[in-house]
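Peer 1:
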Amino acid sequence: MKVTTFGIKVWRWFSVLLVVGVLMWTYATLPDLVAVDFSPAGVPENYLDKSTVFYIVMGLILFNNVVIRAVARQLVKVPVSSLPIPRREAWAQQPEELREHLTNWLYSLVAAINTILALTLLALSTVSSSQFKQDVFDFAWVLYLGLVMLTVIVVALPVRLMRPPVPDTL
1 MKVTTFGIKV WRWFSVLLVV GVLMWTYATL PDLVAVDFSP AGVPENYLDK
51 STVFYIVMGL ILFNNVVIRA VARQLVKVPV SSLPIPRREA WAQQPEELRE
101 HLTNWLYSLV AAINTILALT LLALSTVSSS QFKQDVFDFA WVLYLGLVML
151 TVIVVALPVR LMRPPVPDTL
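For the sequence shown, UniProt numbering gives the first residue as 1, with consecutive numbering after it.
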């Protein structure tokens, strides 16, 4: 197993534990009505029941971890000649390496979505809490971090597939 594959698997499992743990903690600490929309001044405008927030987040977690992982399992079964990738002929010579790149890419996407969801829940819980004196603008960095993570992940696979595969030297 390559170091990148191991790192992505660890990140994915850690992100699952993180998002589930944060969801349980957030559900226990949120008030009955959770502010989900804010005015430009930072004043809450729209509210949802905390159970509604819980079910929405649980649906996102299930979709992310079940559906995208199922796609990853099925994608490795598609013949290389059918995939819309650059340098298809070169990658057809190294199908296992290509499958590893595709699987790592989708698993890192799952891990990034879990991480973003956990950070968003932490921000929502902090903003909705009466114990902390932070407003919604203190957590603008979550949006930027999420955009950077998703952009890097989405761009990484096409960039890697434009280079030829590394032949096995063993």
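Using N, Cα and C, we set each Cβ at its ideal position, and we do this for glycine too.
Can you tell me whether residue 56 is buried or exposed, with buried defined as 16 or more other CB within 10 angstroms of its CB?
Peer 2: By 1-based counting over the sequence shown, the position of residue 56 is 56. In this structure residue 56 is exposed. Its beta-carbon is surrounded by fewer than 16 other beta-carbon atoms within 10 angstroms.
Peer 1: Let me know the secondary structure DSSP gives residue 44 once reduced to three states.
Peer 2: Within the sequence shown, the letter at position 44 stands for residue 44. Three-state DSSP puts residue 44 in a strand.
Peer 1: What separation, rounded to the nearest whole angstrom, lies between the Cα atoms of residue 149 and residue 64?
Peer 2: Indexing the sequence shown from 1 puts residue 149 at position 149. Indexing the sequence shown from 1 puts residue 64 at position 64. Each residue's alpha carbon lies about 16 angstroms from the other.
Peer 1: Which partner residues of residue 123 appear in the DSSP bridge assignment?
Peer 2: Position 123 of the sequence shown, counted from the start, is the residue given in the question as residue 123. According to DSSP, residue 123 bridges with nothing at all.
Peer 1: First and last residue of the beta strand (DSSP E) that includes residue 33?
Peer 2: Mapped onto the sequence shown, residue 33 falls at position 33. Element bounds for residue 33: 33-38.
Peer 1: Three or more beta-carbon pairs under 8 angstroms between the region 46-53 and the region 68-79, yes or no?
Peer 2: no
Peer 1: Please identify the residue among 122, 127, 113 and 11 whose C-alpha is closest to the C-alpha of residue 174.
Peer 2: An answer regarding residue 174 cannot be provided, because it is not within the stretch 1 to 170 covered by the chain.
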